[in-house]
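A quick write-up on the structure given underneath.
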Amino acid sequence: MSKAIKELGEQLFTTKLYTKLFQTQTPGKRIAPPQANDNKTKAPLRLDAGEVIGDWKNVYLQVNSQAQNEALVKFRKKNGTDAKLASGKINMKTSEKEQEEAAKALWNTLASDAKKKLG
18 MSKAIKELGE
28 QLFTTKLYTK
38 LFQTQTPGKR
48 IAPPQANDNK
58 TKAPLRLDAG
68 EVIGDWKNVY
78 LQVNSQAQNE
88 ALVKFRKKNG
98 TDAKLASGKI
108 NMKTSEKEQE
118 EAAKALWNTL
128 ASDAKKKLG
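Just add 17 to the spot in the sequence shown (first one is 1) and you have my numbering.
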């Protein structure tokens with residue numbers, strides 16, 4: 018479980034996917050990793066966009082339906098495929114030079130909350 022969290026975090030920052038946090042998406046749409054058939058098994062976790070209230074976008078860490086990690090499968094079976102493993106908010110108006118730092122702060126909160134939920 019923490020391997021899956023660590024891998025998504027690394028992917029967000031090594032490939033600069035975190036910049037998508039500051040773009041507009043329809044609530045419920047995936048932010049990262051990019052949606053593709055093979056990503057469902059490769060990436061057991063995903064970030065989804067939530068509602069935007071003022072300048073703040075809700076962001077949800079969720080378990081992909083094809084996740085195979087035991088803790089993630091258990092969470093998904095107990096809570097359903099759309100259950101939020103963790104949630105947070107990001108300011109959409111964050112300046113470009115401050116975006117990486119803001120994204121890291123959000124990710125640290127999401128990762129910590131997810132680890133607590135999964136045990």
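Virtual Cβ for every residue (Gly too), placed ideally from N, Cα, C.
From phenylalanine 30 to glutamate 118, what does the alpha carbon distance come to, in whole angstroms?
10 Å
Among Ile48, Thr41, Pro44, Leu89, the one whose alpha carbon lies nearest that of tryptophan 124
Ile48
In whole angstroms, give me the CA-to-CA distance for tyrosine 77 and methionine 109.
15 Å
Buried or exposed by the 16-neighbour rule on C-beta atoms within 10 Å, applied to alanine 100:
exposed
Cα-Cα separation, lysine 134 to leucine 102:
7 Å
Quick one: give me the first and last residue of the beta strand (DSSP E) that serine 104 is part of.
It spans 101-108 - the beta strand (DSSP E) in which serine 104 sits, taken as one unbroken run.
Helix, strand or coil, according to DSSP, for asparagine 17 in the structure here?
This structure does not reach residue 17, given that the chain is present from 18 up to 136, and the question cannot be answered.
Beta-bridge partners of isoleucine 70, as assigned by DSSP
Trp73
Can you grab the Cα-Cα spacing for the pair threonine 98 / valine 80, in whole Å?
7 Å
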